[in-house]
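Chains W and V supply the protein sequences, listed in that same order.
Reminder that position 117 of the first sequence reads as 117 in full-length UniProt numbering, one-by-one numbering, no gaps.
Reminder that position 90 of the second sequence reads as 90 in full-length UniProt numbering, one-by-one numbering, no gaps.
In this text, a Cβ means the ideal position worked out from N, Cα and C, and glycines have one as well.
Number of protein chains: 2
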Amino acid sequence: MKNPKIPKPTIKRLAIYYRCLENKESAGIKKTSSKDLAESLGIKASQIRKDLSYFGEFGKRGVGYDIPKLMKSIKNILGLHRRWNVAIIGVGNLGSAIANYTGLEQNGFFIKAAFDKDKKKIGTQIAAGVLVYDIKELKKVCSEKNIEIAILSVPGKTAQKVADQLVETGIKGILNFTPIALQLPENIAVENVDFTVSLKALTYEIVSQYKEIYEVVEENNNNTEEQ
Amino acid sequence: MKNPKIPKPTIKRLAIYYRCLENKESAGIKKTSSKDLAESLGIKASQIRKDLSYFGEFGKRGVGYDIPKLMKSIKNILGLHRRWNVAIIGVGNLGSAIANYTGLEQNGFFIKAAFDKDKKKIGTQIAAGVLVYDIKELKKVCSEKNIEIAILSVPGKTAQKVADQLVETGIKGILNFTPIALQLPENIAVENVDFTVSLKALTYEIVSQYKEIYEVVEENNNNTEEQ
Numbered sequence: 001m002k003n004p005k006i007p008k009p010t011i012k013r014l015a016i017y018y019r020c021l022e023n024k025e026s027a028g029i030k031k032t033s034s035k036d037l038a039e040s041l042g043i044k045a046s047q048i049r050k051d052l053s054y055f056g057e058f059g060k061r062g063v064g065y066d067i068p069k070l071m072k073s074i075k076n077i078l079g080l081h082r083r084w085n086v087a088i089i090g091v092g093n094l095g096s097a098i099a100n101y102t103g104l105e106q107n108g109f110f111i112k113a114a115f116d117k118d119k120k121k122i123g124t125q126i127a128a129g130v131l132v133y134d135i136k137e138l139k140k141v142c143s144e145k146n147i148e149i150a151i152l153s154v155p156g157k158t159a160q161k162v163a164d165q166l167v168e169t170g171i172k173g174i175l176n177f178t179p180i181a182l183q184l185p186e187n188i189a190v191e192n193v194d195f196t197v198s199l200k201a202l203t204y205e206i207v208s209q210y211k212e213i214y215e216v217v218e219e220n221n222n223n224t225e226e227q
Numbered sequence: 001m002k003n004p005k006i007p008k009p010t011i012k013r014l015a016i017y018y019r020c021l022e023n024k025e026s027a028g029i030k031k032t033s034s035k036d037l038a039e040s041l042g043i044k045a046s047q048i049r050k051d052l053s054y055f056g057e058f059g060k061r062g063v064g065y066d067i068p069k070l071m072k073s074i075k076n077i078l079g080l081h082r083r084w085n086v087a088i089i090g091v092g093n094l095g096s097a098i099a100n101y102t103g104l105e106q107n108g109f110f111i112k113a114a115f116d117k118d119k120k121k122i123g124t125q126i127a128a129g130v131l132v133y134d135i136k137e138l139k140k141v142c143s144e145k146n147i148e149i150a151i152l153s154v155p156g157k158t159a160q161k162v163a164d165q166l167v168e169t170g171i172k173g174i175l176n177f178t179p180i181a182l183q184l185p186e187n188i189a190v191e192n193v194d195f196t197v198s199l200k201a202l203t204y205e206i207v208s209q210y211k212e213i214y215e216v217v218e219e220n221n222n223n224t225e226e227q
């Protein structure tokens, strides 16, 4: 990332704000404020103002934000002002679920191809208009279809090998659903989606809510003193 | 969350550190350092030290971390020192993918039941030992099986309704795969998994890498001045 000052959580929150604004807009609402967004999302208003301040001054003090304008700005920031051609690599349950995920196209993500090595899957459609190609044709098909983003949903053990092949296709970014930390050239963007991480954040919230956490921390401090 | 000082990104990174430590441990490595972790993960060493400092003093200066000890501490912090009984609500492609996701049990997450309203799915197994029950039996089965966590993978339009039913079962947390911002009582933990948010973070990285971002920000600033 060329601008190292912008924290990744800010970027993710921008995407969350955008979805919230979409909902408000489709309900016919034209104006919002950091306070209003805060209430809808359970994020502090000060956090929302801080996040948006990285990218310039949106809205006017005391007047709030014009929803269509703010949406347009966030769209531009996140690169959602244009179309992205996407390929799914690995057609298991997860790949199929993603291919059929509603809301991709409305956000500018168009799945143009899927790839698998399973001969039974090659030639079938996993979603309307999404054909499964032989993984051997990866470079050729990605080039023809001008694929810029790959969604990687292969088994972990083949993830790095397939990622290396993806790099050769000239792809720009990988959404990585495998549990492998991919080794990639610096110019390839990568986002890891690991829902066990979310599960662990969830159990943290549960145990901290039930105060078990304090015993744990105390115990840990005691151990340190003994060392 | 009872301790508001710990930022959510820290918690998620703890889960990421844990996975990295697991990999090192299974490769027979016994010691690590914030620098070593930083290199494996592409996260700054100072960030790692800061994250771990929330929970006490792990490791010794200049000596680094003892991997099994650090793993045990993170496990306790994240609530992974115990078993969690999990149910999957909504048996589409996504629900099936999750039920078959390897690595759940090794992290202490045991899928004990799945639920759907589709009569064709009820009574089948979506993974070894995971039976699909009628959603009408949600309260009864969750209580019998002592389910504490629900993975919600139903269509968005029924998400809130099902979430309300889940609250009544006495569940403690929901991993929400639907695009809906659920309204839940304060004592129910929730984590939202929305991979379009990750896709948007990815496109942000791509466009900022290709410098398109600077034009966008400049344009936005100009607009503001005109107002």
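For VAL91 (chain V) and VAL154 (chain V), what's the separation of their Cα atoms in angstroms?
If you number the second sequence from 1, residue 91 (chain V) lands on position 91. If you number the second sequence from 1, residue 154 (chain V) lands on position 154. For the pair VAL91 (chain V) and VAL154 (chain V), the Cα-to-Cα distance works out to about 8 Å.
Exercise. Taking 7 Å as the cut-off, decide whether the C-beta atoms of LEU152 (chain V) and THR178 (chain V) are in contact.
Key: What you label residue 152 (chain V) is simply residue 152 of the second sequence in a count that begins at 1. What you label residue 178 (chain V) is simply residue 178 of the second sequence in a count that begins at 1. Taking 7 Å as the Cβ cut-off, LEU152 (chain V) and THR178 (chain V) qualify as a contacting pair.
Notebook entry, point to check: Checking contacts by CB at 7 Å: is THR124 (chain V) closer than that to chain W?
Noted result: As a first step, residue 124 (chain V) is located in the second sequence; it is residue number 124 there, counting from the start. Judged by the 7 Å Cβ criterion, THR124 (chain V) is not in contact with chain W.
Practice item. With 7 Å as the threshold, decide whether the Cβ of LEU78 (chain V) is near any Cβ in chain W. Key: For the purposes of this step, residue 78 (chain V) is taken as residue 78 along the second sequence, with counting starting at 1. Judged by the 7 Å Cβ criterion, LEU78 (chain V) is in contact with chain W.
| task | Measuring alpha carbon to alpha carbon, tell me which of W:LEU202, W:PRO185, W:GLU186 and W:LYS75 ends up nearest VAL193 (chain V). | result | Start at 1 with the first residue of the second sequence, and residue 193 (chain V) comes out as number 193. That would be W:LEU202, whose Cα lies nearest to the Cα of VAL193 (chain V).
Exercise. How should GLU205 (chain W) be labelled, buried or exposed, when 16 other C-beta atoms within 10 angstroms of its C-beta is the threshold for buried?
Worked result: Along the first sequence, read from residue 1 onward, the residue named residue 205 (chain W) stands at position 205. Per the 10 Å Cβ criterion, buried.
- With DSSP collapsed to three states, give me the class of GLN183 (chain W). Residue mapping note: residue 183 (chain W) aligns to position 183 of the first sequence, counting from 1. Look at GLN183 (chain W) here: in three-state DSSP terms it is coil, with no helix or strand label.
Next item on the list: Determine the chain W residues that contact SER198 (chain V) at a beta-carbon separation under 7 Å, and present them in chain order.
Entry: Stepping through the second sequence from its first residue, residue 198 (chain V) is reached at position 198. Ordered by position in chain W, the residues that pass the 7 Å Cβ test against SER198 (chain V) are LEU175, GLU191 and VAL193.
Note to self: When you compare the region 131-151 of chain V with the region 116-132 of chain W, are there three or more beta-carbon pairs, one atom per stretch, that lie closer than 8 Å?
What the structure shows: no
For this session: Compare the C-beta of ALA97 (chain W) against all C-beta atoms of chain V and say whether one is closer than 7 Å.
Result: As a working note, residue 97 (chain W) is residue 97 in the first sequence. Cβ-Cβ to chain V under 7 Å: yes for ALA97 (chain W).
Quiz item: In three-state DSSP terms, what is GLU168 (chain W)?
Solution: Locating residue 168 (chain W) in the first sequence gives position 168, where the first residue counts as 1. Helix.
Check: Name the chain W residues that come within less than 7 Å of ILE149 (chain V), Cβ to Cβ?
Finding: Working through the second sequence from its first residue, we reach residue 149 (chain V) at position 149. Those within 7 Å of ILE149 (chain V) in chain W are LEU202.
What three-state label does DSSP hand ASN146 (chain W) in the structure shown? For this step, residue 146 (chain W) is matched to residue 146 along the first sequence. Reduced to three states, the DSSP call for ASN146 (chain W) is coil.
* Option nearest residue 228 (chain V) by Cα separation, candidates V:ALA113, V:ASP118 and V:LYS120 -> Given that chain V is displayed from residue 1 to residue 227, the structure contains no residue 228 (chain V) and the question cannot be resolved.
- Using a Cβ-Cβ distance under 7 Å, would VAL207 (chain W) count as near chain V? In the first sequence, the residue the question calls residue 207 (chain W) occupies position 207. Yes, its Cβ sits closer than 7 Å to a Cβ of chain V.
| said: By the three-class DSSP mapping on this structure, what secondary structure does ILE74 (chain V) have? | reply: Here the question's residue 74 (chain V) lines up with position 74 in the second sequence. Helix.
request  = Using a Cβ cut-off of 9 Å, pull out every chain V residue sitting near ILE135 (chain W), in sequence order please.
outcome  = Residue mapping note: residue 135 (chain W) aligns to position 135 of the first sequence, counting from 1. Within 9 Å Cβ-Cβ: nothing; ILE135 (chain W) doesn't reach chain V, min ~19 Å.
Any C-beta of chain V within less than 9 Å: which residues of the region 93-120 of chain W qualify?
ASN93, LEU94, GLY95, SER96, ALA97, ILE98, ALA99, ASN100, TYR101, THR102, GLY103, LEU104, ASN107, GLY108 and PHE109
Where ASN85 (chain V) meets chain W, residues with beta-carbon distance less than 9 Å: Counted from its first residue, the second sequence places residue 85 (chain V) at position 85. Against ASN85 (chain V), chain W offers no close residue; the least beta-carbon distance is about 12 Å (beta-carbon pairs closer than 9 Å).
So is LYS44 (chain W) in contact with chain V if we call contact Cβ pairs under 7 Å?
Indexing the first sequence from 1 puts residue 44 (chain W) at position 44. LYS44 (chain W) has a beta carbon lying at 7 Å or more from every beta carbon in chain V.
Q: Just mark ARG82 (chain W) as buried or exposed, buried being the case when its beta carbon has 16 or more other beta carbons within 10 Å.
A: Start at 1 with the first residue of the first sequence, and residue 82 (chain W) comes out as number 82. With fewer than 16 other Cβ atoms within 10 Å, it is exposed.
In angstroms, rounded to a whole number, what distance separates the CA positions of GLU105 (chain V) and TYR17 (chain V)?
-> What you label residue 105 (chain V) is simply residue 105 of the second sequence in a count that begins at 1. What you label residue 17 (chain V) is simply residue 17 of the second sequence in a count that begins at 1. Each residue's Cα considered, the two are about 18 Å apart.
request  = With 7 Å as the threshold, decide whether the Cβ of LYS172 (chain W) is near any Cβ in chain V.
outcome  = The residue you call residue 172 (chain W) lines up with position 172 of the first sequence. It does: the Cβ of LYS172 (chain W) has a partner Cβ on chain V nearer than 7 Å.
- Rounded to whole angstroms, how far is the Cβ of ILE98 (chain W) from the Cβ of ILE88 (chain W), which I believe are closer than 8 Å? Counted from its first residue, the first sequence places residue 98 (chain W) at position 98. Counted from its first residue, the first sequence places residue 88 (chain W) at position 88. With a Cβ gap of about 6 Å, ILE98 (chain W) and ILE88 (chain W) count as contacting.
Whole angstroms are fine: how far does the CA of GLY95 (chain W) sit from the CA of SER143 (chain W)?
Working through the first sequence from its first residue, we reach residue 143 (chain W) at position 143. Working through the first sequence from its first residue, we reach residue 95 (chain W) at position 95. Those two C-alpha atoms are separated by around 21 Å.
| said: Taking the beta carbon of ILE11 (chain V) as the centre, do at least 16 other beta carbons fall within 10 Å, making it buried, or is it exposed? | reply: Indexing the second sequence from 1 puts residue 11 (chain V) at position 11. Classification for ILE11 (chain V): buried.
- DSSP beta-bridge partners of VAL132 (chain W): As a first step, residue 132 (chain W) must be located in the first sequence, where it is residue number 132. Its beta-bridge partners are W:ALA114.
- prompt: Which chain V residues are close to residue 272 (chain W), counting only those with a beta carbon under 8 Å from its beta carbon?
  reply: For chain W, the structure presents residues 1 to 227; residue 272 (chain W) sits outside this window and is missing.
Q: Just the C-alpha distance for ILE74 (chain V) and ILE48 (chain W), rounded to the nearest angstrom, thanks.
A: Locating residue 74 (chain V) in the second sequence gives position 74, counting from the first residue. Locating residue 48 (chain W) in the first sequence gives position 48, counting from the first residue. Spanning the two alpha carbons is a distance of roughly 30 Å.
Original post:
Cβ atoms of ASN85 (chain V) and GLU148 (chain V): under 7 Å apart, would you say?
Top reply: Sequence index remark: in the second sequence, residue 148 (chain V) carries index 148 (1-based). Sequence index remark: in the second sequence, residue 85 (chain V) carries index 85 (1-based). Result yes, Cβ atoms of GLU148 (chain V) and ASN85 (chain V) sit closer than 7 Å.
Check: For VAL193 (chain V), which residues does DSSP report across the bridge?
Finding: Here residue 193 (chain V) refers to the residue found at position 193 when the second sequence is read from its first residue. None, per the DSSP bridge assignment.
Taking C-alpha atoms, which residue in W:GLY79, W:GLU191, W:VAL190 and W:THR196 lies nearest to GLU191 (chain V)?
-> Residue 191 (chain V) sits at position 191 when you count from the first residue of the second sequence. Ranked by Cα distance from GLU191 (chain V), the options W:GLY79, W:GLU191, W:VAL190 and W:THR196 are led by W:THR196.
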